[in-house]
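Residue numbers (full-length UniProt numbering), protein chains in the order written: chain A, 1 to 186; chain B, 1 to 186.
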């Protein structure tokens with residue numbers, strides 16, 4: 001595992017900086033002695049402050065009942081260094097194996113929620129369930145990020161963006177157009 | 001404008017191929033003689049079939065009432081060729097100008113909805129509102145994509161992914177890990 005010395009707190013209204021470009025994330029959860037990780041690509045930032053993120057977590061996943069019953073999860077941001085783990089976690093079920101042990105990932109205690117963080121990831125967003133009104137109909141969970149941490153470097157991590165069919169787009173060139181934005185639109 | 005000769009239909013359950021990596025999109029709408037475009041980054045794929053996409057469209061946007069009243073929109077996918085337009089549309093309000101005219105974009109009739117497509121974009125997803133239960137609370141619209149078109153080339157368009165602060169990440173390297181996926185997970 002990488003240790004936590006190069007982690008800094010992320011202001012909660014800046015979570016979009018990490019999640020908005022649509023990276024593949026790893027959702028970790030725990031409830032009553034069980035724990036799990038799932039690979040997830042269906043999420044959207046929903047508000048700055050409070051910091052809300054909506055996720056589709058299919059009821060077919062072992063994680064579904066863990067996040068629903070505990071009302072918490074951690075959204076972890078992996079980089080290309082974890083590509084094999086991202087795929088392996090997506091390919092397997094928590095009913096059959098403990099994914100932390102099997103994939104050699106470190107469950108690190110979160111600061112504000114019961115669910116564990118995945119220490120090897122670039123950033124961690126600790127979440128509490130604030131709106132479950134669309135869970136039955138659409139498997140859609142609305143989370144409030146209540147604590148967030150990210151590594152200070154690299155500023156733009158090489159995230160994975162799934163495009164279907166086993167193909168990922170990797171985060172590419174950074175273009176800065178700050179000078180063209182109205183201040184209130186940044 | 002680019003013309004439509006290199007456009008092909010996209011199977012509706014493959015819309016994720018374009019939207020899941022979290023690209024910045026342009027949402028076009030029309031209602032009772034008014035039309036508008038907005039820049040949007042807060043969206044998520046929600047289901048394959050029916051093809052559902054959820055979007056946060058803030059009630060502060062001129063587009064909000066147009067999409068709510070008409071119950072339709074088109075989600076258009078721009079590439080880096082339209083970076084200046086993406087920023088300009090995000091910086092301006094449809095209450096003050098017609099964004100099609102002002103930005104020199106072509107409103108092309110959609111095939112299945114009242115809202116116009118933006119001809120210059122790489123792909124068009126024509127949408128009908130299917131669930132507005134979270135509009136009042138979270139400005140969250142759930143759309144069913146009822147028709148979809150994309151240019152046949154390039155296979156991986158150079159999309160824009162907003163990271164806040166006027167900075168975009170551009171779609172980068174493509175890595176194919178199909179051989180590592182379980183077939184049912186593709």
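Note that CB positions come from ideal geometry on N, CA and C, so glycine has one too.
Residue-level contact to chain A via CB, residue i, 9 Å cutoff
i: residue 70/B; result: no
i: residue 84/B; result: yes
i: residue 120/B; result: no
i: residue 126/B; result: no
i: residue 100/B; result: no
i: residue 76/B; result: no
i: residue 41/B; result: yes
i: residue 172/B; result: yes
i: residue 188/B; result: Outside the shown range of chain B (1 to 186) lies residue 188/B, about which nothing can therefore be said.
i: residue 135/B; result: no
i: residue 33/B; result: no
i: residue 245/B; result: Because chain B here runs from 1 to 186, residue 245/B falls outside it and cannot be looked at.
i: residue 80/B; result: yes
i: residue 182/B; result: yes
i: residue 150/B; result: no
i: residue 175/B; result: yes
i: residue 52/B; result: yes
i: residue 129/B; result: no
i: residue 97/B; result: no
i: residue 27/B; result: no
Pick from the options that is closest to residue i, judged by C-alpha positions
i: residue 109/A; options: 159/A, 120/A and 103/A; result: 120/A
i: residue 57/B; options: 49/B, 68/B and 48/B; result: 68/B
i: residue 148/B; options: 91/B, 123/B and 89/B; result: 123/B
i: residue 184/A; options: 111/B, 13/B and 92/B; result: 92/B
i: residue 11/A; options: 63/A, 126/A, 55/A and 36/A; result: 126/A
i: residue 66/B; options: 116/B, 161/B and 52/B; result: 116/B
i: residue 63/B; options: 19/B, 27/B and 186/B; result: 27/B
i: residue 173/B; options: 114/B, 128/B and 159/B; result: 159/B
i: residue 33/B; options: 9/B, 150/B and 98/B; result: 98/B
i: residue 36/B; options: 114/B, 23/B, 49/B and 52/B; result: 114/B
i: residue 50/A; options: 21/A, 30/A and 128/A; result: 128/A
i: residue 9/B; options: 23/B, 52/B and 111/B; result: 111/B
i: residue 77/B; options: 130/B, 52/B and 38/B; result: 38/B
i: residue 82/A; options: 186/A, 177/A, 161/A and 176/A; result: 161/A
i: residue 151/A; options: 130/A, 164/A and 118/A; result: 118/A
i: residue 80/A; options: 60/A, 23/A and 61/A; result: 23/A
i: residue 52/A; options: 130/A, 30/A and 29/A; result: 130/A
i: residue 155/A; options: 138/B, 31/B, 157/B and 164/B; result: 164/B
i: residue 30/B; options: 153/B, 94/B, 175/B and 19/B; result: 94/B
i: residue 13/B; options: 25/B, 146/B and 138/B; result: 146/B
i: residue 60/B; options: 54/B, 138/B and 25/B; result: 138/B
Cβ of residue i within 9 Å of any chain B Cβ
i: residue 21/A; result: yes
i: residue 143/A; result: no
i: residue 178/A; result: yes
i: residue 94/A; result: no
i: residue 106/A; result: no
i: residue 2/A; result: Note that residue 2/A has pLDDT 41, beneath the 50 cutoff, so the model's placement of it is unreliable and the number below is only indicative. No - not a single Cβ of chain B is within 9 Å of the one on residue 2/A.
i: residue 166/A; result: yes
i: residue 44/A; result: yes
i: residue 210/A; result: Outside the displayed span of chain A (1 to 186) sits residue 210/A, for which this structure offers no information.
i: residue 123/A; result: no
i: residue 9/A; result: no
i: residue 103/A; result: no
i: residue 163/A; result: yes
i: residue 87/A; result: yes
i: residue 56/A; result: yes
i: residue 47/A; result: yes
i: residue 186/A; result: yes
Identified DSSP bridge partners for residue i
i: residue 10/A; result: DSSP lists no partner for residue 10/A.
Any chain C beta carbon closer than 9 Å to residue i
i: residue 12/B; result: Of the protein chains in this structure, namely A and B, none is chain C.
Pair every Cβ in the region 157–169 of chain A with every Cβ in the region 69–77 of chain B, then say whether three or more of these pairs are closer than 8 Å.
-> Between the region 157–169 of chain A and the region 69–77 of chain B, the count of C-beta pairs closer than 8 Å stays below three; the two stretches do not touch.
Could you give the uninterrupted runs of the alpha helix (DSSP H) lying entirely in the UniProt domain "Flavin reductase like" (17–169) of chain B, keeping only those of 4 residues or more?
-> List check, alpha helix (DSSP H) in window: 62–70, 83–91, 99–103 and 135–138.
Does the region 133–144 of chain B come within contact of the region 127–137 of chain A, defined as at least 3 CB pairs closer than 8 Å?
-> Contact between the region 133–144 of chain B and the region 127–137 of chain A is established, with three or more Cβ pairs separated by less than 8 Å.
Could you say if the region 95–112 of chain A and the region 95–112 of chain B meet the contact criterion of at least three C-beta pairs nearer than 8 Å?
-> The answer is no - the region 95–112 of chain B does not touch the region 95–112 of chain A, with fewer than three Cβ pairs under 8 Å.
contact_flag[the region 173–183 of chain A, the region 74–90 of chain B] where n(CB pairs < 8 Å) is 3 or more | Contact annotation: the region 173–183 of chain A touches the region 74–90 of chain B, with at least three C-beta pairs closer than 8 Å.
May I ask you to verify whether the region 35–55 of chain A touches the region 42–54 of chain B, counting CB pairs closer than 8 Å and requiring at least 3?
-> Touching, yes, given that three or more Cβ pairs across the two stretches are closer than 8 Å.
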